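Numbering (this note's numbering), first residue to last: 147 to 419. Presented below is the structure to which this report refers.
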């Protein structure tokens with residue numbers, strides 16, 4: 147299992163050369179990474195023998211209108227340049243009539259949207275020959291149009307897609323969704339196709355005064371999310387275990403502490419699995 151970092155230049159750029167010796171893998175978001183930074187990351191990855199993954203925001207995989215072709219064409223060349231191990235994006239839509247909505251938006255978990263997502267994923271095959279990973283998003287309120295659970299939705303999609311399409315499971319997204327909708331975490335994730343999980347994202351969250359959680363990527367990994375991570379790893383064998391940290395980083399140590407925690411979890415998982 148490779149332990150790595152979801153890179154954010156505005157957070158990690160100052161210390162990136164010191165971070166690289168501590169990771170096995172780095173995930174790049176082309177939507178927020180400029181050309182010069184990407185070039186530097188590729189060179190550092192080569193010198194440290196660190197592999198690269200691609201995580202995107204604008205493919206609009208869950209859109210009735212189809213994938214957003216202009217974004218995909220940009221991703222294609224960046225992906226090739228970085229020689230990325232995988233391409234990934236969210237099970238969501240990000241565009242309406244060609245206009246970017248500034249975020250990813252939830253889709254209903256229904257038979258109709260299983261087919262929409264499967265068709266859109268087929269369109270990606272001409273762009274990305276390696277792994278294509280689809281990720282669950284945070285939902286503070288579940289869609290009233292859902293016909294079944296998020297986990298079952300992913301399972302139905304996996305049944306209908308080629309073998310190079312797999313799951314990027316964001317533990318914190320699922321944990322926050324479960325808690326904010328008053329569902330037990332293990333119950334919430336029980337229907338997911340754990341055998342198809344290749345990559346795991348983990349991040350910190352904020353606890354709000356009303357008892358809800360905010361998926362802010364701004365806090366260190368606490369005991370609850372570490373335990374949730376262990377529970378998930380007991381059910382699957384991912385190749386990548388990656389830290390997301392977008393805010394609240396003031397020193398190099400803020401990042402390395404959480405990477406150390408994930409390394410500890412990965413080691414424990416390999417010993418006792």
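We put the CB at the ideal spot given by N, CA and C, even for glycine. Quick caveat: nothing in here was measured; it's all calculated off a predicted structure.
Which of helix, strand or coil does DSSP assign to residue 312?
For the purposes of this step, residue 312 is taken as the residue at position 166 of the chain shown. Three-state result, residue 312: strand.
Assuming the contact rule is C-beta atoms closer than 8 Å, residue 302 and residue 260 should be a hit. Round their C-beta distance to whole Å, please.
The residue given as residue 302 occupies position 156 in the chain shown. The residue given as residue 260 occupies position 114 in the chain shown. Residue 302 to residue 260, Cβ: 5 Å. Contact.
Residue 281 (DSSP reduced to helix, strand or coil):
On the chain shown, position 135 is the one that residue 281 refers to. Correct three-state label for residue 281: strand.
Just grab the DSSP bridge partners of residue 246 for me.
Reading the chain shown from its first residue, position 100 is the one you call residue 246. Answer is 241.
State buried or exposed for residue 326, treating a residue as buried only when at least 16 other CB atoms are found within 10 Å of its CB.
Taking the chain shown and counting its residues from 1, the one referred to as residue 326 is at position 180. Result: buried.
Using the Cα positions of residue 297 and residue 313, report the straight-line distance between them to the nearest angstrom.
The sequence position of residue 297 within the chain shown is 151, counting from 1. The sequence position of residue 313 within the chain shown is 167, counting from 1. Rounded to the nearest angstrom, the two C-alpha atoms are 11 Å apart.
Going by beta-carbon coordinates alone, are residue 196 and residue 172 separated by less than 8 Å?
Working through the chain shown from its first residue, we reach residue 196 at position 50. Working through the chain shown from its first residue, we reach residue 172 at position 26. Yes. Within cutoff.
Are the CB atoms of residue 367 and residue 348 within a distance shorter than 8 Å?
Walking along the chain shown from the start, residue 348 turns up at place 202. Walking along the chain shown from the start, residue 367 turns up at place 221. Going by C-beta atoms, residue 348 is nearer than 8 Å to residue 367.
Using the Cα positions of residue 218 and residue 273, report the straight-line distance between them to the nearest angstrom.
The residue you call residue 218 lines up with position 72 of the chain shown. The residue you call residue 273 lines up with position 127 of the chain shown. Approximately 8 Å between the Cα atoms of the pair.
Spatial neighbours of residue 190 within its chain, please: CB distance less than 6 Å, with the 5 preceding and 5 following residues excluded, ordered by chain position.
The residue given as residue 190 occupies position 44 in the chain shown. The answer, listed in chain order, is 166.
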